[in-house]
Each structure stands twice: as structure tokens, then as C-alpha cells.
Amino acid sequence: MSRKFSDGRLVIASHNSGKVREIGELLAPFGVEVVSAGALGLDEPEETGTTFVANAELKAHAAAKAANLPALADDSGLAVDCLGGDPGIYSARWAGPGKDFAAAMALVNDRMGDSPDRRGRFVCALALAWPDGVCETFEGVVEGEMVWPPRGAQGFGYDPMFQPQGHTVTFGEMEPAKKHEMSHRADAFHKLVAACFQR
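The sequence shown: position 173 = 173 (my numbering), numbered continuously.
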């Protein structure tokens, strides 16, 4: 049985404004006030985990402890089949210190070379931690394929090169509301909400 969230305020353990906005929109129906780790001046812990779940837990525990509030962390990324699952947990690092995702997408495409296998997926792990150490984790996935050149200016990160299964547009071309309905983050969120939130 998962612990229910009953506090009014929740720290989003991220300094990524796109991610904070997306999570805030998904939690809006529950009347939860969200505040980002960046706005609270919290440090970003070093992500030493070897899986999305481990890194999400690490970030959620660090923020919950530092803010003395429940904290929700997400660790997500792109896993490309012909690259053995890379960039995976290193998805943000491939963009470098300047968070240059145009360069990161070019790197993915270069590494893929002429591979006929363009399959990949976005994976999202969510961890909801309380200051007392309790933590609930959920994982979501959306399957698709890599396209080149990138298309669209919506979304963020690798969205312009990812075309979800059964669609003819990339996440970069898709209306944000449509993406929210079917993304890896939405998949993980449905599981989180079902387990821990009540309308």
C-alpha cells in the first residue's frame, strides 16, 4: 500500500524549468502547490545511480531532507536500441554543461550512423520522498523511433527527434496537451497519482 500525499506543498526536485512546468501542470488538478528546488536554492545532488529509478530516489531524498517537505523527483531520458540503451541516464550529460540539446541530438544521430534500427523510447522514473525517508517510485515508458533531421519547436530536450509509435509527428511538433496525455512522464504520473494522490 503506497503512502498518500496529504501535504499542500511539494518540492519538484529539478532545476529544469521545462520539467518543472510540465510536472506542475500534471499536478494542478490536485490543488498541490509546487515549488522548484531551483527556486528554493537547493543544490543539485550528484547523480551517482546506475538506473533512472536510483537517480530519481537520490534527488527526491536530497530535496525532501533539505527543504523538510515532500519532494518529487524525476529522472528521465532517451534510450536508443542500436546504441545499447544510450544515452540513457546520461541523456542530459550528452547535452554538455550548456544544455545544448541540438548538439546532443546530432550526437545521437551520428552514433546511430546507418543503422536500420531507429527504435527507441523515453523512460521516466518518478520518486516521491518524504522527510522521514519514505519513498514511492514509479516508472513510465513511451516507445517510438528516432527521426532526422529534428522537427518542431515544442517540448524540450530530445523531443524534436522522437516520433512516438503510431504517430506521424514528433514530440517537438505535437501540441503540449497531446504530448502530456501520452508521454513517458504521463505514464509514470498516472501510476503515481493512482497510488498516492486523491482528487
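Idealized CB from N, CA, C, for every residue including glycine.
Could you spell out the range, first to last residue, of the alpha helix (DSSP H) harbouring residue i?
| i | result |
| --- | --- |
| Glu22 | Ser17 to Leu27 |
| Phe138 | No alpha helix (DSSP H) holds Phe138; the beta strand (DSSP E) holding it covers Cys135 to Met146. |
| Val108 | Phe101 to Met112 |
| Cys196 | His184 to Cys196 |
Considering only the alpha carbon of each residue, which of the options lies closest to residue i?
| i | options | result |
| --- | --- | --- |
| Arg119 | Asp132, Met146 and Asp100 | Met146 |
| Arg151 | Gln163, Val141 and Glu143 | Gln163 |
| Gly84 | Ala62, Asp117 and Lys99 | Asp117 |
| Arg121 | Gly24, Ala103, Met161 and Gly155 | Met161 |
| Phe201 | Ser17, Leu27 and Gly18 | Residue 201 is absent from the structure shown; the chain starts at 1 and stops at 199. |
| Met1 | Thr137, Gly166 and Val141 | Thr137 |
| Cys124 | Glu139, Gly133 and Met112 | Glu139 |
Taking its Cβ as the centre, do 16 or more other Cβ atoms sit within 10 Å of residue i, making it buried, or is it exposed?
| i | result |
| --- | --- |
| Asp114 | exposed |
| Phe30 | exposed |
| Tyr158 | buried |
| Gly96 | exposed |
| Glu25 | exposed |
Once you ignore the five residues that flank residue i on each side, which residues in its own chain have a CB closer than 7 Å to its CB?
| i | result |
| --- | --- |
| Ala60 | Ala13, Ala71, Leu72, Ala73, Ala127, Leu128, Ala129 and Cys135 |
| Leu227 | No information on residue 227 is available, as it lies outside the stretch 1 to 199 that the chain covers here. |
| Arg185 | Glu22, Asp74, Ser76, Cys124 and Gly140 |
| Ala63 | Val11, Ala13, Ala37, Leu42, Ala71 and Ala73 |
| Arg9 | Glu33, Val35 and Leu69 |
Output needed for residue i: all residues of its chain with C-beta closer than 6 Å, excluding positions within five of it in sequence on either side, in chain order.
| i | result |
| --- | --- |
| Trp148 | Asn109 |
| Ser183 | Val142 |
| Ala104 | Trp94 and Ala95 |
| Asp7 | Pro70 |
| Phe189 | Leu26 |
Could you give the residue range of the beta strand (DSSP E) that holds residue i?
| i | result |
| --- | --- |
| Glu208 | The displayed coordinates of the chain run from 1 to 199. Any statement about residue 208 would go beyond what the structure contains. |
Is the Cβ of residue i closer than 7 Å to any Cβ of chain D?
| i | result |
| --- | --- |
| Val169 | In the displayed structure, chain D is absent; only one protein chain is listed. |
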